[in-house]
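Input: a single structure, listed below in structure tokens.
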Amino acid sequence: MKKLILYPSLALALFAFTPSYSQDKKDKGKDKTEAKAKGKAKEVITTKSGLKCEYLHRGTGKKPQPGDKVVAHYTGTLLDGTKFDSSVDRGKPFEFPLGKGKVIKGWDEGFALLQVGDKAIFTIPPELAYGERATGQIPANSTLIFEVELLNVIEKVVPKPFVVEGIEIKKTASGLQYIMVKVGTGVFPKVGDQVFVHYTGYLTDGKIFDSSVERGQPLPFPLGKGRVIKGWDEGVALLQTGGKARLIIPPELAYGERGYPGLIPASATLTFDVELMGIKPAPPAQK
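Position 5 of the sequence shown, counted from 1, bears residue number 598 in this note's numbering, the numbering being contiguous throughout.
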């Protein structure tokens, strides 16, 4: 996404799932079976979408809800056993918000079936993975196998709009409007400085379209370098470290007449509640 606050992942869009359970014993054998391995029965579920989830170990912890942050280890292989990715090998669990389309469909669907402590194997058909598109070591139309462990679930943080009643609305020459909710006590950032900003973006109907607060991680970007929309480069420069403001950004300082399909309407005025968390000064210019 050109100049959006966050750039899009290659993940596929989220589709809702419905587990396929049948009351008929014959059909039940297709959707939920027991396999023998290492002397213990394993529970296997196949959903209507075609995802197969084989439980290796059942945990007793929290089950994630849409929007919760999922923390998991995984190892991904092709049907021939070729390993293409592993958080275990890297020694660092992977985190993502459940049900937000930030990962392949099979992951959003599969992790919704787990609870903390569960270990499972997902068999994900191409239509729930990368489909006809080859990606890295993954050929087109590949069925993917993931051995996963759900380590933790962090409940979704619901951003609260800033309280702005009674605070003066100011307007710059460009048309940017801002409300200084809290004056910071640190320094002002300079062009080229790396700034770290927490934000929540709202459409005119009050709907949230993006939020670093939900993800629990501020956004870093170089100020004044055109890496974000114009209204952000201008608005964040008005803050000192620790400062909070509401930015009301007209279309010409955001996405203009095009908008961003599926996320931001054409000619949309955007409202951002922003907080400048920190500044990393730009390196000195070379002489």
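Backbone N, C-alpha and C define an ideal beta-carbon position, used for all residues, glycine too.
- Excluding five sequence positions before and after V757, the CB atoms of its chain that fall closer than 7 Å to its own CB belong to I772, V774, R839, given in chain order.
- When rounded, the separation of the alpha-carbon atoms in Q787 and I822 is 16 Å.
- Rounded to whole angstroms, the separation of the alpha carbons of F789 and P811 is 6 Å.
- Less than 9 Å divides the Cβ of F865 from the Cβ of G828.
- Contact between G779 and T834 holds: CB atoms are separated by about 3 Å, below the 8 Å threshold.
- By the beta-carbon neighbour count (other beta carbons within 10 angstroms, threshold 16), G669 is buried.
- The straight-line gap separating the alpha-carbon atoms of A875 and G777 is approximately 20 Å.
- The alpha-carbon separation between K662 and F704 amounts to approximately 11 Å.
- CA-to-CA, the gap between E725 and P719 works out to about 7 Å.
- Listed in chain order, the non-local C-beta contacts of K749 below 6 Å within the same chain comprise G660, D661, local neighbours out to five positions each way being set aside.
- For T834, no pairing in a beta bridge is given by DSSP.
- Per the coordinates, the alpha-carbon of L672 lies some 15 Å from the alpha-carbon of L644.
- Residue environment: R808 is assigned as buried (16 or more neighbouring CB atoms within 10 Å of its CB, all protein chains considered).
- The criterion of a C-beta distance shorter than 9 Å is satisfied by G824 and I842.
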